[in-house]
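Comments concern the structure below.
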Ligand code: AMP
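In this note's numbering, the protein residues as written are 2 to 221.
Following this line, the structure appears as structure tokens:
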């Protein structure tokens, strides 16, 4: 199964992608996670990407397309994958179409999470991530049992640099301008399923499962 999640920063893509990965035993391909790891390991990709991540800007399409080409060719993606955070621009989506054709693959579902700006702002400023396993928490409604410590692995929880208010505003503008046009792109291909991402995690998950189990969302 090949699923794509589209949504604004803080829209819940990462949280839902992890649930999909665990349920359907397919890898979560989070380009944001891959880039953050590259930055922290100071690889060539990380050095290239750092200034864009710090500013809440998008990493150039050519860099992202090379990264996704390498990833989708890898063994772990042959039985399916969940794209979380890719594509983010129309040229990325077009490049992905070419790549999928070359690999003789197609997407099964494109799922867009629609979330209001005030909900996004609240979620991003209260989001904490585990440095070790990447688990995601929210200080209001999905708190770790022990403050600052991951329930799953005991790792240290931290606030992403780009979850600070100065960068959030830019990330939202970038989303509206460059990523939102993808909804129309996939609607025209008849692949788009839209879900109300303002809901609580479990309700969003129920809607995603309705899409995946029935081929389309019957009630929203
Ligand atoms: P995320 O964790 O998905 O919010 O991504 C964090 C940051 O990584 C973004 O703000 C961008 O700087 C960069 N990034 C992630 N995915 C992409 C992509 N598909 N295209 C360009 N930049 C990306």
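By construction, the Cβ of each residue, glycine as well, lies at the ideal position given by its N, Cα and C atoms.
Assignment of residue 172 by DSSP, reduced to helix, strand and coil, places it in the helix class. According to the DSSP assignment, residue 111 belongs to the beta strand (DSSP E) that extends over 110 to 115. At a threshold of 7 angstroms, residue 65 counts as near ligand 1, since its beta carbon sits closer than that to one of the ligand's heavy atoms. Excluding sequence positions up to five before and after residue 125, its CB lies within less than 7 angstroms of the CB of 10, 11, 164, 169, all in the same chain and listed in chain order. When secondary structure is reduced to three states using DSSP, residue 60 falls in the coil class, being assigned neither helix nor strand.
Residue 111 sits buried, since 16 or more C-beta atoms from the chains shown fall within 10 Å of its C-beta.
Annotation for residue 203: the continuous alpha helix (DSSP H) segment containing it runs 202 to 215. Going by DSSP, residue 85 is part of the beta strand (DSSP E) stretching over 82 to 85. Between residue 88 and the set 7, 211, 136, 48, the nearest pair of CA atoms involves 7. Exclusion of the five residues before and after residue 136 leaves 151, 153 as the residues of its chain whose Cβ lies within less than 6 angstroms of its Cβ. Separation of the CB atoms of residue 31 and residue 50 is rounded to 14 angstroms, and the pair is thereby denied contact status at 8 angstroms.
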